[in-house]
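Colleague: When the letters of the sequence shown are read in order and numbered with full-length UniProt numbering, they come out as residues 1 to 371. Below you will find the structure I want to go over with you.
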Amino acid sequence: MTFVPERNHRKASFLNTLHLLLLNAMSIRKTLSNLLHTFNDKASVIAASISLKRHVSSVRIYVLRATTHRLAAPPSESQIAAVLSAGRGSYLLPRTCIEAIMDRLHRTRSASVALKCLFILHNIVSEGPLMLKDNLSHYPSRGGNNALNLVSFRDETDMESLQLSSWVRWYANVLEHVLTVSRVLGYYLIKDGVQREFTRVSSVELLCELRGLVDFVEQVSHAPESLHLQRIDLVYGVVRLVRDDYGRVQGEISRRVEEIERRVVDLGVDELRELVWCLKRLEECRERLVVLFVNRKKNGAFWDLIGGVKNKGVVVMEDMEGKWLTVVKGKNELTESMSFSNPFLEPGEILYSGPTGWCVATCQLTVPRLG
């Protein structure tokens, strides 16, 4: 029995040695992988420079240099500026630029390259020339949408790459929603914002725009759980750009909610339901957003506005539904709502109080109630 501790010691020593060997092998593998990626990046630049079309090759070289496999940092300001300069050339260069970025994005299996491609596209949306933005918004030119669909993207090089893959998928969805918001609003989200008068905008249109904005916030709030990866400059840069867009979207939401608040007593029941549903969804995102943007101010006034208008919408909606008077003639039976017949109504018609006064409508035997 005296040799058992010695046997356990040898076993533990063997396991520790094996663990160190595995770590060393993984380190060597990663080093070799980085060297191979560096070689491939340089080879791609050389291949692009051979093209006979000088302007086209220069654009592709700008894209390749801005989207290397090196994970440490996002593309530099000079690299981004070089890519954006393609939007100030002939009408062919913007299309070539977007095609080069998309080709790089969909061919790569590297999470760092994919994140950099998306980072460049995000800079195009927020700061790029109009020609580049329009080419991105309409890509691909023939059929199809959701050009950034990376739902199946997965880099299994190592555990960190696997975690970064979830950031790639999330970031692609966020950018899709940025483009969708621009289509819904009719203009791009920019740093200085767009001053818009809502006096001639219908309530239905306002609610449609609000829904698109809330969809964006909801997608942003579904960030990956590996928030510790923000220690990587590239991931931190991604979150910073998304945070800036979120701030602009907050302003767009505030202006629409304030306008809807002025009209709330004139909204119909369906419009009120849409309003309350959107604002509830927005409130449910709040805690996740605080975790993601840990250093961002809490914007108490914004959330007070959202909660106040939501509660007002609920009160008006319940009051309106409470005024519904139902009369159904048929088989000499009366509905729960009334105990008398109205000779001025046909069977199956209801009398209700709407925003513009008392109205008559045809309905089924049951009255819809708030679920």
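Heads up, the beta-carbon is just placed ideally off N, CA and C, and yes, glycines get one too.
If I'm right that Ser182 touches Leu189 with Cβ under 8 Å, what's the distance once you round it to whole angstroms?
Modeller: Right, the Cβ-Cβ distance comes to about 6 Å (below 8 Å), so this counts as a contact.
Colleague: Excluding the 5 residues flanking Ile80 on each side, which residues of the same chain have their C-beta closer than 7 Å to its C-beta?
Modeller: For Ile80, where only same-chain residues beyond five positions count, the Cβ hits under 7 Å are Ala66, Ile120 and Asn123.
Colleague: Put Gln163 into one of helix, strand or coil per three-state DSSP.
Modeller: Helix at Gln163.
Colleague: Going along the chain, which residues of its own chain have a beta-carbon closer than 7 Å to the beta-carbon of Ala111, five neighbours each way excluded?
Modeller: Around Ala111: Asp155, Ser161, Leu164, Ser165 and Val168.
Colleague: Compare the C-alpha of Gly87 against each of Asn173, Leu136, Ser76 and Arg104 and name the closest.
Modeller: The residue with the shortest Cα to Cα distance from Gly87 is Leu136.
Colleague: Please return the same chain residues whose Cβ sits closer than 7 Å to the Cβ of Lys133, not counting the five positions on each side in sequence.
Modeller: Same-chain partners within the cutoff: Ile124, Val125 and Tyr188.
Colleague: How big is the Cα-Cα spacing for Leu275 and Val217?
Modeller: Cα to Cα, the separation comes out at about 16 Å.
Colleague: Within 10 angstroms of the Cβ of residue 378, are there 16 or more other Cβ atoms? Answer buried if so, exposed if not.
Modeller: Summary: the structure shown does not reach residue 378, with the chain confined to residues 1 through 371, and so no result is reported for it.
Colleague: Rounded to whole angstroms, what is the Cα-Cα separation between Met320 and Gly313?
Modeller: Taking the straight line from one Cα to the other gives about 10 Å.
Colleague: How many Å lie between Arg231 and Ala73 at the Cα?
Modeller: Rounded to whole angstroms, Arg231 to Ala73 spans 11 Å at the Cα level.
Colleague: What do you reckon, are the CB atoms on Thr108 and Ala100 nearer than 7 Å?
Modeller: Not a contact, by the Cβ cut-off of 7 Å.
Colleague: Determine the DSSP secondary structure at Pro94, reduced to helix, strand or coil.
Modeller: Helix at Pro94.
Colleague: Using 8 Å for Cβ pairs, my map puts residue 372 next to Leu282. What's the rounded Cβ distance?
Modeller: Because the chain spans 1 through 371 in this model, residue 372 falls outside it and cannot be assessed.
Colleague: Looking at the structure shown, is residue 399 part of a helix, part of a strand, or coil, going by DSSP?
Modeller: This structure cannot settle anything about residue 399, because the visible part of the chain is limited to 1 through 371.
Colleague: Which residues mark the beginning and the end of the alpha helix (DSSP H) in which Ala301 is found?
Modeller: Taken as a continuous stretch (DSSP letters only), the alpha helix (DSSP H) holding Ala301 covers Gly300 to Gly322.
Colleague: To which residues of the same chain is Val151 closer than 7 Å at the C-beta, ignoring the five residues directly before and after it?
Modeller: So the list reads Arg169, once near-sequence residues are dropped.
Colleague: Under a three-way DSSP split, which group does Arg262 fall into?
Modeller: DSSP places Arg262 in helix when its eight states are reduced to three.
Colleague: Between which residues of its own chain and Trp303 is the CB-CB distance below 7 Å, once the five residues before and five after are set aside?
Modeller: Taken in chain order, the residues that qualify are Arg286.
Colleague: Closest to Asn173 by CA distance: which of Gly308, Leu210 and Leu118 is it?
Modeller: The shortest C-alpha separation from Asn173 is found at Leu118.
Colleague: Straight-line CA distance for Ile98 to Leu234?
Modeller: Computed Cα separation, rounded: 21 Å.
Colleague: Who are the near neighbours of Leu84 in its chain, counting only those whose CB is closer than 8 Å to its CB and skipping five residues on each side?
Modeller: Answer for Leu84: Asn123, Ile124, Glu127, Gly128, Pro129 and Leu132, listed in chain order.
Colleague: Evaluate Leu207 with the Cβ neighbour count: other Cβ atoms within 10 Å of its Cβ, from every protein chain shown; 16 or more gives buried, anything less gives exposed.
Modeller: Looking at its Cβ environment, which holds 16 or more other Cβ atoms inside 10 Å, Leu207 is buried.
Colleague: For a test of your reading of the model: does the CB of Val276 fall under 6 Å from any non-hydrogen atom of the ligand GTP? Yes or no.
Modeller: Although the ligand GTP was asked about, the structure shown includes no ligands whatsoever.
Colleague: If Asp245 sits next to Val291, beta carbons under 8 Å apart, how far is it from one beta carbon to the other, in whole angstroms?
Modeller: Rounded, the Cβ-Cβ distance is 18 Å, inconsistent with contact.
Colleague: Put Arg109 into one of helix, strand or coil per three-state DSSP.
Modeller: Three-state DSSP puts Arg109 in coil, outside helix and strand.
Colleague: Could you please give the first and the last residue of the uninterrupted alpha helix (DSSP H) stretch that includes Val201?
Modeller: Careful: Val201 lies outside any alpha helix (DSSP H) and carries neither H nor E.
Colleague: How many whole angstroms separate the CB atoms of Asn288 and Ser226, which I take to be in contact at a CB cut-off of 8 Å?
Modeller: Checking the sequence shown, residue 288 turns out to be Arg, not Asn. Contact doesn't hold; Cβ gap of about 14 Å is too wide.
Colleague: In chain order, what residues of the same chain lie with their CB nearer than 6 Å to the CB of residue 449, ignoring the 5 residues before and after it?
Modeller: There is no way to answer for residue 449, as the model of the chain reaches only from 1 to 371.
Colleague: Report, in whole angstroms, the separation of the C-beta atoms of Glu259 and Phe198, which I expect to be a contact under 8 Å.
Modeller: Indeed, because the Cβ distance is near 4 Å, the residues count as touching under 8 Å.
Colleague: Assuming Ala72 is part of the alpha helix (DSSP H), what are its boundary residues?
Modeller: Element bounds for Ala72: n/a, residue is neither H nor E.
Colleague: With burial defined as no fewer than 16 other Cβ atoms inside 10 Å of the residue's Cβ, what is the status of Val316: buried or exposed?
Modeller: When all chains shown are included, Val316 counts as buried.
Colleague: Exposed or buried, which one is Leu71 when buried takes at least 16 other CB atoms within 10 Å?
Modeller: Buried.
Colleague: Leaving out five residues before and five after Glu209 in sequence, what residues of the same chain have Cβ atoms less than 7 Å from its Cβ?
Modeller: So the qualifying residues of the chain are Val184, Leu185 and Arg256.
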